[in-house]
Amino acid sequence: MKAKKGVLLINLGTPDSPKVPDVRRYLDEFLMDGRVIDIGVIQRNLLVRGIIVPFRSPKTAKLYNEIWDKEKGSPLLYISEEQVALLREELSDEYQIELAMRYQNPSIEQALEKLRLAMVDSIRVIPLFPQYASATTGSVIEKVMRLMSTWPTFPEISFVNQFYDNELMIEAFADNGRLKKPETFDHVLFSFHGLPIRQLKNVDNSGNHGCDAPNCCAQISSTNKFCYVAQCHATARLIAEKLHIAPEKYTVCFQSRLGKEPWVQPYTSDALEKLAHEGAKRLLVFSPAFVADCIETLYEITVEYGQEFKKLGGEHVELVPSLNTHPKWIEALKQMVLGEQANIPNMQLGETVVNK
Numbered sequence: 004m005k006a007k008k009g010v011l012l013i014n015l016g017t018p019d020s021p022k023v024p025d026v027r028r029y030l031d032e033f034l035m036d037g038r039v040i041d042i043g044v045i046q047r048n049l050l051v052r053g054i055i056v057p058f059r060s061p062k063t064a065k066l067y068n069e070i071w072d073k074e075k076g077s078p079l080l081y082i083s084e085e086q087v088a089l090l091r092e093e094l095s096d097e098y099q100i101e102l103a104m105r106y107q108n109p110s111i112e113q114a115l116e117k118l119r120l121a122m123v124d125s126i127r128v129i130p131l132f133p134q135y136a137s138a139t140t141g142s143v144i145e146k147v148m149r150l151m152s153t154w155p156t157f158p159e160i161s162f163v164n165q166f167y168d169n170e171l172m173i174e175a176f177a178d179n180g181r182l183k184k185p186e187t188f189d190h191v192l193f194s195f196h197g198l199p200i201r202q203l204k205n206v207d208n209s210g211n212h213g214c215d216a217p218n219c220c221a222q223i224s225s226t227n228k229f230c231y232v233a234q235c236h237a238t239a240r241l242i243a244e245k246l247h248i249a250p251e252k253y254t255v256c257f258q259s260r261l262g263k264e265p266w267v268q269p270y271t272s273d274a275l276e277k278l279a280h281e282g283a284k285r286l287l288v289f290s291p292a293f294v295a296d297c298i299e300t301l302y303e304i305t306v307e308y309g310q311e312f313k314k315l316g317g318e319h320v321e322l323v324p325s326l327n328t329h330p331k332w333i334e335a336l337k338q339m340v341l342g343e344q345a346n347i348p349n350m351q352l353g354e355t356v357v358n359k
């Protein structure tokens, strides 16, 4: 009998609808994750359920309403489903491919149960976050391992824990950027999702890693190889090199901060203000932390930052579409499933394997 191989693709998550109760459930599950807001559980309960979720849910629901497709639903979900459908076409029937979201539906529990009932011999888990962070990839791995801990028997399981330098992914982003003619813009932004600075202090088990070191993010080293910010800079560098964008013509920045504590800088809003002050009128924005367009790209960048830049004296902010269903991205996923590494030389694809 031919062995059955399981594949589990996991993205961040989305509400079941743009209605306030569904958005509230999504935000509650997301923000109560101890890897997302890494403070004591009592403090987290008070902060999330007492302040953030009650006040943020109605506002966030309005934003989801702006991007929600009346027929297809959440862009993140239906684009992810399209990615899975295309990946199935590229792989043989030997593979059973399931999609899950870290928060809400389709749930990781449901996807794992399908693979368990299929009695697969192995499971390849691919968290769909190019750059490693404890709050994203780390949370996914922890959740999968916790759920599987009750299984009486284990198939072989492996995780792709980062692919920030995957050559096919870089080429796909570059292809999308090339269509926008970056040379016609005054400046290019690579806007990544932000993280609290305190979460960067634990990326080196020796405790020696520090973002204050000169040129800390200039290259990937043994001490910053799991640093989200260093990996973001590496992704931006590789895309810029493909498009022949000079270092002085682009800026790496970070969006979506929450609360008053310091997050990774420069903030995208500050970058917009600085560029407008310098006279820039047209900006091109990549968002390479996301493999599918979602609220952070379709609304936060396209609408919020577009309006903000115009108020500052700029004229236009143009979003480069995410990977979505680009053929090279689907091929990159296929190679990750097969365990092949289509990467830039001297930069290794992170992988963790747990034997059965």
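Following this note's numbering, the numbering of the sequence shown begins with 4 at its first residue and continues without gaps.
Beta carbons are placed, not taken as given, at the ideal position from N, Cα and C, and that holds for glycine.
These numbers come from a predicted model, not from an experiment.
Cβ neighbour criterion (16 or more within 10 Å) applied to residue i
i: D296; result: buried
i: P155; result: exposed
i: R180; result: The displayed chain sequence assigns Gly, not Arg, to residue 180. By the 10 Å Cβ count, G180 comes out buried.
i: T238; result: buried
i: T153; result: exposed
i: T187; result: exposed
i: G197; result: buried
i: K359; result: Confidence in K359 is poor, its pLDDT being 33 and thus under 50, which makes the residue's placement unreliable; the coordinate value appears in the next sentence. With fewer than 16 Cβ atoms within 10 Å of its Cβ, K359 is classed as exposed.
i: F58; result: exposed
i: V320; result: buried
i: N169; result: buried
Straight-line gap, residue i to residue j (C-alpha atoms, nearest Å)
i: P291; j: Q46; result: 32 Å
i: T305; j: F157; result: 44 Å
i: V56; j: R28; result: 9 Å
i: E299; j: L192; result: 15 Å
i: L301; j: I126; result: 32 Å
i: C219; j: H236; result: 10 Å
i: Q222; j: N205; result: 18 Å
i: L79; j: E97; result: 27 Å
i: L115; j: R149; result: 12 Å
i: V357; j: I144; result: Bear in mind that a pLDDT of 40 at V357, under 50, signals an unreliable position, so the model cannot answer this.
i: D19; j: S110; result: 11 Å
i: F195; j: E303; result: 12 Å
i: A103; j: E84; result: 10 Å
i: P21; j: E307; result: 18 Å
i: P24; j: I54; result: 16 Å
i: P199; j: F289; result: 21 Å
i: S95; j: E101; result: 14 Å
i: V51; j: G309; result: 29 Å
i: Q268; j: V255; result: 9 Å
i: R201; j: G37; result: 14 Å
i: I70; j: K62; result: 14 Å
i: T139; j: T17; result: 14 Å
i: F132; j: S224; result: 20 Å
i: T355; j: L120; result: Caution applies to T355, whose pLDDT of 40 falls short of 50 and renders its modelled position unreliable; the value that the coordinates give is listed next. Cα-Cα distance, rounded: 24 Å.
Within 8 Å, strictly: CB atoms of residue i and residue j
i: L90; j: L341; result: no
i: H190; j: L322; result: no
i: Q99; j: V10; result: yes
i: E174; j: K245; result: yes
i: V123; j: K8; result: yes
i: T271; j: F293; result: no
i: L275; j: E311; result: yes
i: E318; j: K284; result: yes
i: L171; j: K331; result: yes
Same chain, Cβ closer than 8 Å to residue i, neighbours up to 5 away in sequence not counted
i: Y135; result: G141, N164, Q165, Y167, F229, Y231, Q234 and G353
i: L315; result: L275, E276, A279 and H280
i: M151; result: L115, F157 and I160
i: D273; result: C256
i: V44; result: G37
Spatial neighbours of residue i in its chain, beta-carbon cut-off 6 Å, leaving aside the 5 residues before and after
i: A243; result: Y253
i: E32; result: Y106
i: L15; result: R105
i: A64; result: P21, V23 and V26
i: K117; result: E101
i: L49; result: none
Whole-Å CB distance - residue i paired with residue j, under 8 Å assumed
i: L326; j: F162; result: That pair is no contact at about 20 Å.
i: L34; j: I42; result: Not a contact, Cβ separation roughly 11 Å.
i: K75; j: Y67; result: At roughly 13 Å, the Cβ-Cβ gap does not stay under 8 Å, so K75 and Y67 are not in contact.
i: L12; j: I160; result: No, L12 and I160 are not in contact; Cβ-Cβ is about 14 Å, not under 8 Å.
i: D178; j: H329; result: 7 Å
i: I333; j: E112; result: The pair is not a contact, with the Cβ atoms about 26 Å apart (cut-off 8 Å).
i: I248; j: P185; result: 6 Å
i: L30; j: S60; result: 6 Å
Beta-carbon contacts of residue i that lie in its chain and below 7 Å, excluding the five residues immediately before and after
i: R260; result: G197, W266 and Y270
i: K183; result: L287, E321 and V323
i: N108; result: D19
i: A88; result: none
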